[in-house]
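Asks:
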Amino acid sequence: MPTREISNRKSGPKQFIYTFSGGRAEGDASMKNLLGGKGANLAEMANIGLPVPPGFTISTEVCTWYYEHGQTYPERLFEEEIPRALATIEEALGRKFGDPENPLLISVRSGARASMPGMMDTILNLGLNEQTVAGLARKSGNPRFAWDCYRRFVQMYGDVVLGLKPADKKQKDPFEEILETRKHKLGITVDTEFSTKDLQEIVGQYKAAILDKTGRSFPDDPHEQLRGAIGAVFESWNNERAIIYRRLNHIPGYWGTACNVQAMVFGNMGENCGTGVAFTRDAATGENIFYGEFLMNAQGEDVVAGTRTPLDISQLKEENPEIYRQLDDIRATLEKHYRDMMDIEFTIENNILFMLQCRVGKRTGPAALKIAVDMFKEGLIDEKEAILRIEPEQLNQLLRPVFDVKEKQAAVQSGRLLATGLNAGPGAATGKICFNATDAAERNRRGEPVILVRIETSPEDIKGMAVSEGILTERGGMTSHAALVARQMGKVCVVGCGALSIDYQKGEMRIEGSNVVLREGDDLSLDGTTGEVIAGSLPTRNSEIIEVLVDGTRKPEDAPSWEVYNQLMQWADRYRHLQIRANADQPDQAAIAITFGAEGIGLCRTEHMFFGGERIQAMREMILADDLEERNTAISKLLPYQREDFYGLFKTMGSRPVTIRLLDPPLHEFLPQSDEEIMRMAIGMGKPYEHVKERIAALHEFNPMLGLRGCRLGILHPEITIMQVQAIMEAACQLRQEGLEVVPEIMVPLVSTLKELEITAKIIHKTARSVIAEQWIGVKYLVGTMIEVPRAAITSAEIATAADFFSYGTNDLTQMTLGMSRDDSGQFLPTYQQYDIFPRNPFESIDIEGVGRLITISASDGRSVKPDLKLGICGEHGGDPASVEFCHKTGLNYVSCSPYRVPVARLAAARAALLG
Ligand code: PEP
Ligand code: MG
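638 is the number that UniProt numbering gives to position 638 of the sequence shown; each next residue is one higher, with no gaps.
#1: What's the call for Ile348, buried or exposed, on a 16-neighbour Cβ count within 10 Å?
#2: Does Lys96 come out as helix, strand or coil in the three-state DSSP assignment?
#3: Does the beta carbon of Gly875 fall short of 8 Å from some heavy atom of the ligand MG?
#4: Could you tell me which residues DSSP puts in a beta bridge with Ala582?
#5: If we ignore side chains and look at the alpha-carbon of each, how far apart do Lys463 and Glu448 end up?
#6: Any contact between the segment 721-735 and the segment 758-776? By contact I mean 3 or more CB pairs, one from each, below 8 Å.
#7: Taking the alpha-carbon positions, what's the Asp148 to Ile230 distance?
#8: With 16 other CB atoms within 10 Å as the buried threshold, where does Ala428 fall?
#9: Consider the C-beta atom of Leu854 and the heavy atoms of the ligand MG; say whether any pair is separated by less than 8 Å.
#10: Between Glu788 and the ligand MG, is the CB less than 8 Å from at least one heavy atom?
#11: Which ranges would you report for the alpha helix (DSSP H) in the segment 131-169 if only whole runs of at least 4 residues count?
#12: On a CA-only basis, which of Lys651, Glu532, Glu345 is nearest Val492? Give me that one, please.
#13: Which one or two residues does DSSP pair with Lys406 in a beta bridge?
#14: Which residue's Cα is closest to the Cα of His700: Pro672, Met679, Gly597?
#15: So, using beta-carbon positions, are Gly292 and Ile344 closer together than 9 Å?
#16: What number of angstroms, rounded off, separates the C-alpha of Pro749 from the C-alpha of Met609?
#17: Which same chain residues end up closer than 7 Å to Ala92 when comparing Cβ atoms and leaving out the 5 residues on each side of it in sequence?
#18: Would a C-beta distance cut-off of 9 Å place Ile635 and Met622 closer than the cut-off?
#19: Roughly how many angstroms separate the alpha carbons of Gly552 and Ala910, rounded to a whole number?
#20: Mind the definition here: the segment 418-432 touches the segment 533-551 only if three or more C-beta pairs lie below 8 Å; say whether that holds.
#21: Comparing alpha-carbon positions, which option in Arg76, Val108, Leu34 lies nearest Ala263?
#22: Rounded to the nearest angstrom, what separates Arg576 and Thr814 at their Cα positions?
#23: Using 10 angstroms around the beta-carbon of Ala208, count the other beta-carbons present and answer buried if the total reaches 16, otherwise exposed.
#24: Quick one, are the C-beta atoms of Cys63 and Trp237 less than 9 Å apart?
#25: Using a Cβ distance threshold of 8 Å, determine whether the segment 116-126 contacts the segment 215-229, with at least three qualifying pairs required.
#26: Should the segment 749-764 be called in touch with the segment 841-853, which here means at least 3 C-beta pairs below 8 Å?
#27: For Asn8, count the other beta carbons within 10 Å of its own beta carbon; 16 or more makes it buried, fewer makes it exposed. Which is it?
#28: Considering only residues of the same chain and omitting the five flanking positions on each side of Arg95, which have a CB-CB separation below 7 Å?
#29: Beta carbon of Met119, beta carbon of Tyr254: below 9 Å?
#30: Tell me, to the nearest whole angstrom, how far the beta carbon of Arg339 is from that of Ile313; I am working on the premise that it is less than 8 Å.
#31: Out of Thr659, Pro219, Arg615, point me to the one whose CA is closest to Phe670's CA.
#32: Does the distance from the C-beta atom of Ala419 to that of Ala499 stay below 9 Å?
#33: If you measure between the beta carbons of Asn893 and Lys870, is that distance less than 9 Å?
#34: Roughly how many angstroms separate the alpha carbons of Lys183 and Thr530, rounded to a whole number?
#35: Take every Cβ of the segment 597-605, pair it with every Cβ of the segment 394-408, and state whether three or more of those distances are shorter than 8 Å.
#36: Does the segment 381-393 touch the segment 353-372, meaning 3 or more C-beta pairs lie closer than 8 Å?
Here is the structure:
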């Protein structure tokens, strides 16, 4: 695990533990780094007088120390600090840890700086043994309850600390198996039907199974139990799912987790007890309603694990109006205090309400936008904060497709609607059914879209969820851990679909009330906005915002999501410094880019203009020409196409800047491959098949990415550059005549030396001037270069002398700086990321220390000789929020990205400006 600089003293950090209890705490919400999110918020809730069971937090520094010292603890932790902190809980409650007469039971939970729902471990009811369970039975007057707690404790501890788990993906959980067998024997269906005697026997069976399968006997000493649980919490920081979650969410390994130890309160002591989870607003839509679920006579894990389907919070109002009122007051207090939508966990013990957790609530993209805009209107936050509340990537969810209404209706009418579950994650998803994460990952590797179908949404599924289009579960509520994770990932998700009956072993699912059986690999569609599950695949249609902006099929006033999107974009534009351009080669792409707010084109890849129909033929003829005359013939066919293309592009963009890059075709992408294509080419060129085949072979390159491409092509064959510049300038002149002033930015690709740029620029100027002279029309133009070769980056002071602008081509710059093929790195980068060699895929997010350093040097050297040198970026990184932030800090003028990423880039640029 990567380390950071922390105290290396043998004794460890100065303060290991921070206590909290009603009205008073040693920590507060600002101490997330040290106390983790859960610990910091428990302290904050205690400080503002909310009813929090007393407890203490062992800091993240202890976890870091634990890993840096061979999984050992600092001196004094167990000898002095924990006993001191336990004493404060004992004092607050008048119970004693391990006391057979009046036992204190505790929970031990993980809690990192950033929330990692369900990824790490938790132990409840710790402190129970044969003596204390009897004490608890006497004290509560409810032996069944006491033994139920003990049963749950042995199960959790046996799994998490002692490691008794299913042997493989097809095996059932050994504890569940014992439970199921007994239920079957007794002819009962739910846990609540077990008698005290049953539970006592189950505990005995559990302990025997643990001893038999792990060789470890279940500890009776509560202090030994506590030590094991703390170790398991720290260890769970590095379990597989936590590591994957961290990788997906860019959480560094060195943060470590805190460990929260807290007095147990019981939601399962009887009918005036209960437990629940809630959001202060609707986490799926953002609507300002209290949104949550609860279960009476249950413990927290019953709600989140989805083993019983919980009730809507509005029912609590009827069942227990006083508790509901208190909870609703707390909802208002928390929103006012945190000025954000919060996610809370609570327990009712004998009609007394306790708050077990609060944190800023995860929400879908649409909810994030609505909540931010609403909170601005309510005066809780200002517009700057509203911008900072939205992760740029969340915008994507608003742009995501939905099902085509007609197609869906037809599917429903023809009986394909199988069932309806809870609409946990909006959007439309279609794919092949997979029943476990491993198979989902495998299908995804084969390029197939996947719908992950699980009985309940377990955190073990994270790997499968990440690669799936959508997630469907039989059990679980809107607040089940994995539903939270799905929303955070922006996945389409339907949970708690009770009509399903899934059999992992057979690899099939049945639908209640019908004889439909769906098997692994069958097509399935999920509507995450309505919760509908539909057999077969379904075509999708654009989202409300796309319909307003791109299709023009919906009026803005009929699209509430467009309204909040538009408001947010207006705020973003007010604060950003960076301009946002788009990479587009066709007028229709350019038009879409404008509707998304693009202020220009940062990259028109001219080779992409030749992909279709006859054009590719002419392009291939040019590449395969045997001599200048033949090449000129092919080029003369290309000229009118090019002129028309540039005219269309300029006209669409109006007075906005357009950067046209001269031809940069890696030859292998353009040459015919199959015999059939070669034959067609030969016939078209009027040459023998063998001749064309030989010519292709002669053009073969071992490293096409480092071969005859970029400016090298125009240096060898200036006639190509001349044709392109002629087309650009003639189109600009024509538009000038029509009254539109266009200033083309002509860009030279793959330059590594000043000389290359000078030679090419000379051809450009000569051609441009001759068009201007011929047409008698004054058109301004700029000549610039891409910086995508490391040599160009470090000689930018020289190169700038011949350039009006630089555009960082970070795709090639990354490839060449890292010596890592952009086309082949997919094979090893996933493993690299597992080893934390790169925190992110460097082809997605700029490698700031390497590639970023080159850009910084280049920008500063370039501007040292030409202070007004225009700087932009046009590699794929232009749409990545972290890279946009880097570009802002480096002082670039613009970022250019694909049209659909423009909103993300606008927001990311505003956030970068606001965060300074
Ligand atoms: C780049 O290399 O970053 C770039 C934009 O050019 P291309 O992707 O066309 O090589
Ligand atoms: Mg390039």
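Even glycine gets a Cβ: it sits at the ideal position worked out from N, Cα and C.
Small disclaimer: the values here were computed from a predicted structure and weren't measured.
Replies: The answer reads as follows:
#1: Along the sequence shown, one-based indexing puts residue 348 at 348. Ile348 should be labelled buried.
#2: As a first step, residue 96 is located in the sequence shown; it is residue number 96 there, counting from the start. Three-state result, Lys96: strand.
#3: For the purposes of this step, residue 875 is taken as residue 875 along the sequence shown, with counting starting at 1. At least one heavy atom of the ligand MG lies closer than 8 Å to the C-beta of Gly875.
#4: Locating residue 582 in the sequence shown gives position 582, counting from the first residue. BP columns for Ala582 point to Ile601, Cys897.
#5: The residue labelled residue 463 in the question sits at position 463 within the sequence shown. The residue labelled residue 448 in the question sits at position 448 within the sequence shown. Cα to Cα, Lys463 sits roughly 16 Å from Glu448.
#6: Segments in contact, yes.
#7: Position 148 of the sequence shown, counted from the first residue, corresponds to residue 148. Position 230 of the sequence shown, counted from the first residue, corresponds to residue 230. So the alpha carbons of these two residues sit roughly 23 Å apart.
#8: The residue given as residue 428 occupies position 428 in the sequence shown. With 16 or more other Cβ atoms within 10 Å, it is buried.
#9: Along the sequence shown, read from residue 1 onward, the residue named residue 854 stands at position 854. No, the ligand MG has no heavy atom inside 8 Å of this Cβ.
#10: Translated into the one-based positions of the sequence shown, residue 788 becomes position 788. Correct: Glu788 has its Cβ closer than 8 Å to the ligand MG.
#11: 143-160
#12: Looking up residue 492 in the sequence shown gives position 492. Nearest option by C-alpha distance: Glu532.
#13: To locate residue 406, count along the sequence shown from 1; it is residue 406. Checking the DSSP bridge columns, you'll see Lys406 has no partner listed.
#14: Taking the first residue of the sequence shown as 1, we reach residue 700 at position 700. That would be Pro672, whose Cα lies nearest to the Cα of His700.
#15: Sequence index remark: in the sequence shown, residue 292 carries index 292 (1-based). Sequence index remark: in the sequence shown, residue 344 carries index 344 (1-based). It is a contact, given that the beta carbons lie within the stated cut-off.
#16: Along the sequence shown, one-based indexing puts residue 749 at 749. Along the sequence shown, one-based indexing puts residue 609 at 609. Computed Cα separation, rounded: 16 Å.
#17: As a first step, residue 92 must be located in the sequence shown, where it is residue number 92. Result list for Ala92: Ser21, Pro54, in chain order.
#18: The residue given as residue 635 occupies position 635 in the sequence shown. The residue given as residue 622 occupies position 622 in the sequence shown. Result yes, Cβ atoms of Ile635 and Met622 sit closer than 9 Å.
#19: Taking the first residue of the sequence shown as position 1, residue 552 is located at position 552. Taking the first residue of the sequence shown as position 1, residue 910 is located at position 910. Taking the straight line joining both Cα atoms gives about 27 Å.
#20: yes
#21: Mapped onto the sequence shown, residue 263 falls at position 263. The residue with the shortest Cα to Cα distance from Ala263 is Val108.
#22: Stepping through the sequence shown from its first residue, residue 576 is reached at position 576. Stepping through the sequence shown from its first residue, residue 814 is reached at position 814. Distance between the alpha carbons of Arg576 and Thr814 is about 26 Å.
#23: In the sequence shown, residue 208 corresponds to position 208, counting from 1. Under this definition Ala208 is an exposed residue.
#24: Working through the sequence shown from its first residue, we reach residue 63 at position 63. Working through the sequence shown from its first residue, we reach residue 237 at position 237. Yes, the Cβ-Cβ distance between Cys63 and Trp237 is below 9 Å.
#25: yes
#26: No: fewer than three Cβ pairs fall under 8 Å.
#27: Sequence index remark: in the sequence shown, residue 8 carries index 8 (1-based). Confidence at Asn8 is low in this model, with a pLDDT of 43, below 50, so the placement of that residue should be treated as unreliable; the coordinate-derived value is given next. Flag for Asn8 reads exposed.
#28: By one-based count along the sequence shown, residue 95 stands at place 95. Asn102, Pro103, Leu104, listed in sequence order.
#29: To locate residue 119, count along the sequence shown from 1; it is residue 119. To locate residue 254, count along the sequence shown from 1; it is residue 254. No, they are not a contact pair.
#30: Walking along the sequence shown from the start, residue 339 turns up at place 339. Walking along the sequence shown from the start, residue 313 turns up at place 313. No, Arg339 and Ile313 are not in contact; Cβ-Cβ is about 22 Å, not under 8 Å.
#31: Here residue 670 corresponds to residue number 670 of the sequence shown, with the count starting at 1. Among Thr659, Pro219, Arg615, the Cα nearest to that of Phe670 is on Arg615.
#32: The sequence position of residue 419 within the sequence shown is 419, counting from 1. The sequence position of residue 499 within the sequence shown is 499, counting from 1. Yes, they are a contact pair.
#33: Counted from its first residue, the sequence shown places residue 893 at position 893. Counted from its first residue, the sequence shown places residue 870 at position 870. Yes, Cβ-Cβ distance for Asn893 and Lys870 is below 9 Å.
#34: Stepping through the sequence shown from its first residue, residue 183 is reached at position 183. Stepping through the sequence shown from its first residue, residue 530 is reached at position 530. Those two C-alpha atoms are separated by around 35 Å.
#35: no
#36: yes
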